[in-house]
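Using the working numbering, count along the sequence shown one by one with no gaps and you end on 360. Where a beta carbon is used, it is the ideal one built from N, C-alpha and C, also for glycine. These numbers come from a predicted model, not from an experiment. Below is one structure; the comments refer to it alone.
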Amino acid sequence: MPESAAAQAAEAPAALNFPFPEVPEAGTVREVANGIFWLRMRLPFALDHINLWLLRDGEHWTAVDTGLSNDETRQNWDRALSAKEIDGCLKRIIVTHYHPDHMGNAGWLTRRFKIPMWTSECEYLSAHTNYNDKAGNTARAVAELFREHGLDVERSAAIDGRGNGYRRIISEPPHQYIRLLDGDEINIGGNAWRVITGYGHAPEHSALYCASLGVLISGDMLLPKISTNVSVWPFEPLGDPLKLFLRSIDRFTELPADTLVLPSHGLPFRGAHDRVTMLRQHHAERLADVRSACESPTCAADLLPILFRRKLDTHQLFFAMGESIAHLHNLWYRAELQFLGHGDDGVRRFVLSR
Ligand SMILES: [Zn+2]
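Below is the structure:
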């Protein structure tokens, strides 16, 4: 799913350095490091673009992420692959995670060019469960979870009424894959790229780090302007994804401070350590807001105007509710909040522990 369209921007990355302020035109490529080319595809959301990467791989190319499945994106794939800088064909695709802006064209590309998709096992399986409404991945289950967390009937019905939004914007995911595991090293064009697995945004997200080039392809785990969506979903209704996310981004502070970060949204940047600090602070502030609200019994829906101080459309509400629950659960698991059970109205409420 698109990133924290609903989340507040974790603001003003003054400490970050953006060496490539000009974005490539649709269907064109721009080199950002030796043999690494940047493509940008449009998204029809508040978050209006995704960055994809083409890595020179001997006489061929490895693509990282694929864009949403629609005619415009596919036409831009064709244009990019025929650009004068790209003098060879695709050899494989690596997909950071199953969200539709990342895996949307994986099925189309793998079938068309008869190439493999490399991704983690959880992302491969999550794509199929989402595509096929299995394993608790349904709009109905999301609506029911949000009802339990206090969302009104009308807005819950709007979420239910969207049906399977995933299936509409992704081509059928590939039926086979090559598995990525944390710590794996992939040889791409003579350079070793190490898989850094991250949690909390997607079940087993793969970022890629190349020490010899000093480049991190961060996917959605480290974004320069917006905060990554971290949500509780109905198939794991008692989860604490914020704990997983914060633990995961700490690993980026182990990389050299001047690493060039290639994020899925926003501009390439340097300043990964500072960005991790900002994101930690952002979530600490949101958690402080939740603590204040929970002086009296509070449900996740009560937190929406506190955590997201603007009007939310149904698409944004989908992510905002998940994030509100995630912040409540994080404090609950730290024993700072107490779960009061379901009220007479069936709503789950929390209050500060005494
Ligand atoms: Zn994502």
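Annotated three-state conformation of E260 is helix, per DSSP. Under the three-state reduction of DSSP, C128 is assigned to helix. If you draw a straight line from the Cα of T68 to the Cα of P247, it is about 31 Å long. For A145, the enclosing alpha helix (DSSP H) has its first and last residue at 145-154. Closest option to F356, judged by alpha-carbon separation, among H108, E301, G110, D63: E301.
A contact between stretches requires three or more CB pairs, one per stretch, nearer than 8 Å, and the segment 154-172 meets this requirement with the segment 343-358. In this chain, the beta strand (DSSP E) harbouring P269 covers 266-269. In the three-state scheme derived from DSSP, where H, G and I count as helix and E and B as strand, T304 is classed as strand.
Residue environment analysis places H348 among the exposed positions, since fewer than 16 neighbouring C-beta atoms fall within 10 angstroms of its C-beta.
Comparing C-alpha distances from F241 to each of M284, R316, T135, L293 shows the shortest one belongs to T135. In this model, P106 and A299 are separated by some 34 Å (Cα to Cα).
Contact annotation: V148 and A89 have beta-carbon atoms that are not nearer than 7 Å.
Close CB contacts of D295 within its chain, under the 6 Å cut and outside five residues either way in sequence, are with I312 (chain order). Judged by their CB atoms, F275 and F51 are not nearer to each other than the 7 Å cut-off.
Looking at the DSSP output, V70 bridges to W59, I100. Shown here, I176 sits in coil according to DSSP, grouped into three states, outside any helix or strand. A Cβ-Cβ contact shorter than 7 Å links I175 with S75. At a Cβ-Cβ threshold of 7 Å, V282 and I255 count as neighbours.
For the pair of segments examined, the segment 227-236 was found not to touch the segment 174-189: the number of CB pairs separated by less than 8 Å stays below three. When secondary structure is reduced to three states using DSSP, R48 falls in the strand class.
DSSP lists no beta-bridge partner residue for L219. Excluding residues up to 5 positions away in sequence, C128, E129, S132 lie with their Cβ nearer than 7 Å to the Cβ of P209 in the same chain.
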